[in-house]
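Engineer:
2 protein chains.
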Amino acid sequence: MGRTPAYEADRVVRAAREVFWRAGYEGASVPALEHATGLNRSSIYHAFGSKRGLFDAAVQSYLDDVVRPRLRPLVAPDVVPDAIVTYLSGLRAALGREGEVQATSGCLLVNTSCAPIGDDDAVRRTVADYRAELRAAFGRGVDARFPGRDAAGRAHLADACTSAVVSAFALVRVDPDGARAALDSVLALLATA
Amino acid sequence: MGRTPAYEADRVVRAAREVFWRAGYEGASVPALEHATGLNRSSIYHAFGSKRGLFDAAVQSYLDDVVRPRLRPLVAPDVVPDAIVTYLSGLRAALGREGEVQATSGCLLVNTSCAPIGDDDAVRRTVADYRAELRAAFGRGVDARFPGRDAAGRAHLADACTSAVVSAFALVRVDPDGARAALDSVLALLATA
DNA sequence: TATGTTGTGAACCGACCGTTTCAGAACCAC
DNA sequence: GTGGTTCTGAAACGGTCGGTTCACAACATA
Numbered sequence: 019m020g021r022t023p024a025y026e027a028d029r030v031v032r033a034a035r036e037v038f039w040r041a042g043y044e045g046a047s048v049p050a051l052e053h054a055t056g057l058n059r060s061s062i063y064h065a066f067g068s069k070r071g072l073f074d075a076a077v078q079s080y081l082d083d084v085v086r087p088r089l090r091p092l093v094a095p096d097v098v099p100d101a102i103v104t105y106l107s108g109l110r111a112a113l114g115r116e117g118e119v120q121a122t123s124g125c126l127l128v129n130t131s132c133a134p135i136g137d138d139d140a141v142r143r144t145v146a147d148y149r150a151e152l153r154a155a156f157g158r159g160v161d162a163r164f165p166g167r168d169a170a171g172r173a174h175l176a177d178a179c180t181s182a183v184v185s186a187f188a189l190v191r192v193d194p195d196g197a198r199a200a201l202d203s204v205l206a207l208l209a210t211a
Numbered sequence: 019m020g021r022t023p024a025y026e027a028d029r030v031v032r033a034a035r036e037v038f039w040r041a042g043y044e045g046a047s048v049p050a051l052e053h054a055t056g057l058n059r060s061s062i063y064h065a066f067g068s069k070r071g072l073f074d075a076a077v078q079s080y081l082d083d084v085v086r087p088r089l090r091p092l093v094a095p096d097v098v099p100d101a102i103v104t105y106l107s108g109l110r111a112a113l114g115r116e117g118e119v120q121a122t123s124g125c126l127l128v129n130t131s132c133a134p135i136g137d138d139d140a141v142r143r144t145v146a147d148y149r150a151e152l153r154a155a156f157g158r159g160v161d162a163r164f165p166g167r168d169a170a171g172r173a174h175l176a177d178a179c180t181s182a183v184v185s186a187f188a189l190v191r192v193d194p195d196g197a198r199a200a201l202d203s204v205l206a207l208l209a210t211a
């Protein structure tokens, strides 16, 4: 069988995810990834093949461990009317907690979309699917909150939620107040009957 | 007085702006800037002091030559009711023209916000002010379109326009259809009386 | 034409980039 | 134990990074 790895793969990927999140793909240096993961580069390259391989694993972990758990109440068989509000106000609060990754660096995938690595086809598909996943979840959240409203109105509201979240992620690094304002605005639309 | 520069400063800055727009600050290499501007690095450093100095000039040019001319109808003393619709549908069309910088790379300032350079204080202020400028312009555009509507409703609509534009910029690189959908959604809200 | 100033090209700087190599350590099966 | 396989640390790879240096070209002035 051979020598036993001295690390836990999940922990390594999570640590790398944090580095990519803050610094971006091109800005995350191999020494920084070594330091964060505690692994020597030879082990990183042995396990993941390349910096890009580690990045892909980090993106998968971001989707599985960060995005989808928070979206779960919005994609469950039964969606509670408050689910969409809970999600958005939870995000609003997270963007205010200084020091946390989300507050300082927004969203790994939105950041990726704005960088040259976003031109890569595989990355492009991943981020586009992520946006669609967000939109679908918000669509169900809005439907659960305003079941009586007409379909077009609900769709526009779900679109507004999607745009608010994406723009909040995109701007939080430079303008946390503006990011929170975007979320507050759609929260107000969701509060009115 | 000394030797006459062999270049036109404006042309140099505009060429550099394009490189930063596509590649981002950290991704724009000095050789790439030399090639785009036609200047040797010694001339670049003589004129702008550093890569960052050239970037700052490029950002200023982006605001003066790209952003503000398009926003002008929305900040004029008299704002036409169609101004906001004209702006958004113009942006929608621009995001669809393949090959153009806007379609492939979104917005220089949004991209900057999502990158590590966004942590710089001066950059932070610049992008935050840009967002505020956008929001103010859209506010006037919405006011001109729906003068009879209540203030809160107009504010939420202006917020939705701001978020739609920012998110369209943030996503156009990976998801042009999603970006256009965000704009279409607010355009629909602006079409209804 | 002589002088002082400014712009330009080429060569070079140390630092860092992502990646590879390789010897040896740690484990399994026999 | 022995052999085969896998993981790990250190060192080194060529290439590129942003930035500097310097000799010289090109101009304004006197």
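First to last, the protein sequences are chains A and B.
With my numbering, you'll find the first sequence wraps up at 211, consecutive numbering, no jumps.
With my numbering, you'll find the second sequence wraps up at 211, consecutive numbering, no jumps.
Glycine is no exception: its CB is placed at the ideal position from the N, C-alpha and C atoms.
Only a predicted model underlies this, so the values are computations on that prediction, with no experimental measurement involved.
1) When you compare the CB positions of L113/B and A199/B, do they come within less than 8 Å of one another, or not?
2) If you measure between the beta carbons of W39/B and L126/B, is that distance less than 8 Å?
3) Residues in its own chain within less than 8 Å of R142/B by CB, not counting five upstream and five downstream?
4) Rounded to the nearest angstrom, what separates D195/A and S131/B at their Cα positions?
5) Going along chain A in order, which residues have a C-beta closer than 7 Å to the C-beta of A134/B?
6) Looking at the C-beta of F189/A, does it have a partner C-beta in chain B at a distance below 8 Å?
7) Would you mind telling me which residues of chain A sit closer than 8 Å to N129/B, beta carbon to beta carbon, in chain order?
8) Closest to L207/B by C-alpha separation, out of A170/A, L201/A and A182/A, would be which residue?
9) On the CB-based measure, 16 or more other CB atoms within 10 Å of its CB, does Q120/B come out buried or exposed?
10) One question on the structure: do T180/A and L205/A come within less than 8 Å of each other, judged by their Cβ atoms?
11) Shorter than 8 Å from the beta carbon of R21/B to some beta carbon of chain A?
12) Leaving aside the five residues before and after V93/A along the sequence, list all residues of the same chain whose C-beta is less than 6 Å from its C-beta, in chain order.
13) Got a sec, what are the start and stop residues for the alpha helix (DSSP H) D139/A sits in?
14) Please state the DSSP three-state secondary structure of E52/B.
15) Among E36/B, D147/B, S79/B and V30/B, which residue has its Cα nearest to the Cα of D193/A?
16) Counting only the same chain and skipping the five closest in sequence on each side, list residues whose C-beta sits under 7 Å from that of G124/A.
17) Looking at C-beta atoms only, is the number of pairs between the segment 65 to 78 of chain B and the segment 67 to 80 of chain A that lie closer than 8 Å three or more?
18) Excluding five sequence neighbours on each side, which residues of the same chain lie with their C-beta closer than 8 Å to the C-beta of E52/A?
19) Please report the Cβ distance between S79/A and R21/A, rounded to the nearest whole angstrom; I am assuming they are in contact, meaning their Cβ atoms lie under 8 Å.
20) Looking at the secondary structure, which residues open and close the alpha helix (DSSP H) in which T210/A lies?
21) Return yes when at least one heavy atom of the ligand ZN lies under 7 Å from the C-beta of L57/B, else no.
22) Out of G45/B, E44/B, F73/B and V97/B, state which residue places its alpha-carbon closest to the alpha-carbon of G159/B.
23) Taking its Cβ as the centre, do 16 or more other Cβ atoms sit within 10 Å of V30/B, making it buried, or is it exposed?
24) Can you tell me which of D74/B, Y25/B, F164/B and P99/B puts its alpha carbon nearest to the alpha carbon of A54/B?
25) Roughly how many angstroms separate the alpha carbons of R115/A and M19/B, rounded to a whole number?
Structural biologist: If we stick to the structure as given:
1) Counted from its first residue, the second sequence places residue 113/B at position 95. Counted from its first residue, the second sequence places residue 199/B at position 181. Not a contact, by the Cβ cut-off of 8 Å.
2) Indexing the second sequence from 1 puts residue 39/B at position 21. Indexing the second sequence from 1 puts residue 126/B at position 108. Using a Cβ distance threshold of 8 Å, W39/B and L126/B count as a contacting pair.
3) As a first step, residue 142/B is located in the second sequence; it is residue number 124 there, counting from the start. Counting only Cβ-Cβ distances below 8 Å, and skipping sequence neighbours, we find G136.
4) Walking along the first sequence from the start, residue 195/A turns up at place 177. Walking along the second sequence from the start, residue 131/B turns up at place 113. Each residue's alpha carbon lies about 14 Å from the other.
5) The sequence position of residue 134/B within the second sequence is 116, counting from 1. The sequence shown places Pro at residue 134/B, rather than the Ala named in the question. Near P134/B (Cβ distances below 7 Å), the residues of chain A are A41, G42 and G45.
6) Walking along the first sequence from the start, residue 189/A turns up at place 171. Rather than Phe, the amino acid found at residue 189/A in this sequence is Leu. Yes, its Cβ sits closer than 8 Å to a Cβ of chain B.
7) Sequence index remark: in the second sequence, residue 129/B carries index 111 (1-based). Here the neighbours are C132 and A133.
8) Numbered from its first residue, the second sequence carries residue 207/B at position 189. Ranking the options by Cα distance to L207/B, first place goes to A170/A.
9) Position 102 of the second sequence holds residue 120/B. Counting Cβ neighbours within 10 Å, Q120/B comes out buried, since at least 16 surround it.
10) Locating residue 180/A in the first sequence gives position 162, where the first residue counts as 1. Locating residue 205/A in the first sequence gives position 187, where the first residue counts as 1. No.
11) The residue labelled residue 21/B in the question sits at position 3 within the second sequence. Contact with chain A is absent for R21/B, since none of that chain's Cβ atoms lies less than 8 Å from the residue's Cβ.
12) The count along the first sequence starts at 1 and reaches residue 93/A at position 75. Within the same chain, A155 come within 6 Å of V93/A by CB-CB distance, once the 5 residues on both sides are set aside.
13) On the first sequence, residue 139/A is found 121 positions in, with the first residue counted as 1. Where D139/A is concerned, the enclosing alpha helix (DSSP H) starts and stops at D139 to R163.
14) Residue numbering aside, residue 52/B sits at position 34 when the second sequence is read from its first letter. If DSSP states are grouped into helix, strand and coil, E52/B belongs with the helices.
15) As a first step, residue 193/A is located in the first sequence; it is residue number 175 there, counting from the start. Taking only the C-alpha atoms, the option nearest D193/A is D147/B.
16) Residue numbering aside, residue 124/A sits at position 106 when the first sequence is read from its first letter. Sequence-distant partners of G124/A (beyond 5 residues in either direction) whose C-beta falls short of 7 Å from its own C-beta, in its chain, are F187, A188, V190 and R191.
17) Contact between the segment 65 to 78 of chain B and the segment 67 to 80 of chain A is absent, because fewer than three Cβ pairs lie under 8 Å.
18) Locating residue 52/A in the first sequence gives position 34, where the first residue counts as 1. Apart from sequence neighbours up to five positions away, the residues of its chain that approach E52/A with a beta-carbon distance below 8 Å are N58, R59 and I62, ordered along the chain.
19) Here residue 79/A refers to the residue found at position 61 when the first sequence is read from its first residue. Here residue 21/A refers to the residue found at position 3 when the first sequence is read from its first residue. About 25 Å separates the two Cβ atoms, so there is no contact after all.
20) Locating residue 210/A in the first sequence gives position 192, where the first residue counts as 1. The continuous stretches of alpha helix (DSSP H) do not include T210/A, and DSSP gives it neither H nor E.
21) The ligand ZN is absent from the structure shown, which contains no ligand whatsoever.
22) If you number the second sequence from 1, residue 159/B lands on position 141. The shortest Cα separation from G159/B among G45/B, E44/B, F73/B and V97/B belongs to V97/B.
23) Within the second sequence, residue 30/B is the residue found at index 12, counting from 1. Burial call: buried.
24) Along the second sequence, one-based indexing puts residue 54/B at 36. A54/B has its Cα closest to that of Y25/B, out of D74/B, Y25/B, F164/B and P99/B.
25) Indexing the first sequence from 1 puts residue 115/A at position 97. Indexing the second sequence from 1 puts residue 19/B at position 1. Computed Cα separation, rounded: 56 Å.
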